[in-house]
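Numbering (our numbering), first residue to last: 24 to 277.
Just so you know, even glycine gets a beta-carbon here, dropped at the ideal spot from N, CA and C.
So this is what it looks like as structure tokens:
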């Protein structure tokens, strides 16, 4: 069975087109699949449903700054730990790209600062790389490229146990149920909020009180009418049977 490695980015596919082409031509036995990530709300992205064996996260510093984890505006604080938990640290790579190339002397200093200030990215991946452009040509050191291809060759198929699959089914069902509950609550309360904002809270309370009073009065009146009907029926029966019994008694005396 072919290994599937997701090449993920929240930028456009063309931003990593050169990397995808080079990986596919170098390692044709591996399925390198482009996985577009949402620009916002990345924490709720259903990574587990992508059916990946490995993951290469490409982060453009021109698109979202050099903020991967642990710093202001970092966008992968929860995504990378989830990727590590789902795939294993050994099956995750992080590439920060679009640096001015070549870095040469600055590369080591930049990498050291990155490891110090953004440790979660390092702890959740087996390999962290810095590169230049990845769109048309791959601006990457030969040593880094060799490490990347070695990583891809070492990725093993992800084993999914029945228990783990069942767990994900339950989690997905729970998330869907919660979404439905939230939707119903919003449908109920949004009109109320609109009314409150339009006429105020006190008039709304008066309207609700009048409605409830009328409703209780209708119920009580209905019960009262039922009681009267039942009472009329019983009196009618007694009156209708009374004379008959009296006649029968008189006839018996005769």
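Whole-angstrom C-beta distance between residue j and residue i, which should lie under 8 Å
i	j	result
residue 65	residue 102	5 Å
residue 120	residue 155	7 Å
residue 77	residue 178	4 Å
residue 46	residue 175	7 Å
residue 106	residue 147	7 Å
DSSP-derived helix/strand/coil call for residue i
i	result
residue 74	coil
residue 28	strand
residue 97	coil
residue 83	strand
residue 35	coil
residue 55	strand
residue 280	Outside the shown range of the chain, which is 24 to 277, sits residue 280, and nothing can be said about it.
residue 91	coil
residue 264	With a pLDDT of 47 at residue 264, under the threshold of 50, the modelled position of this residue cannot be trusted; read the value that follows with caution. The answer is helix: DSSP assigns residue 264 an H, G or I state.
Exposure label - residue i; buried when at least 16 CB within 10 Å
i	result
residue 139	exposed
residue 256	Low confidence applies to residue 256: its pLDDT is 49, below 50, so where it sits in the model is not reliable enough to give any reading.
residue 27	buried
residue 205	exposed
residue 171	buried
residue 71	buried
residue 234	exposed
C-beta contact flag for residue i and residue j at 9 Å
i	j	result
residue 82	residue 32	yes
residue 158	residue 40	yes
residue 68	residue 75	no
residue 153	residue 133	yes
residue 98	residue 30	no
residue 86	residue 34	yes
**OP:** Enumerate, from N- to C-terminal direction, the unbroken beta strand (DSSP E) stretches of 3 or more residues contained entirely within the segment 120-193.
**Re:** 150-153
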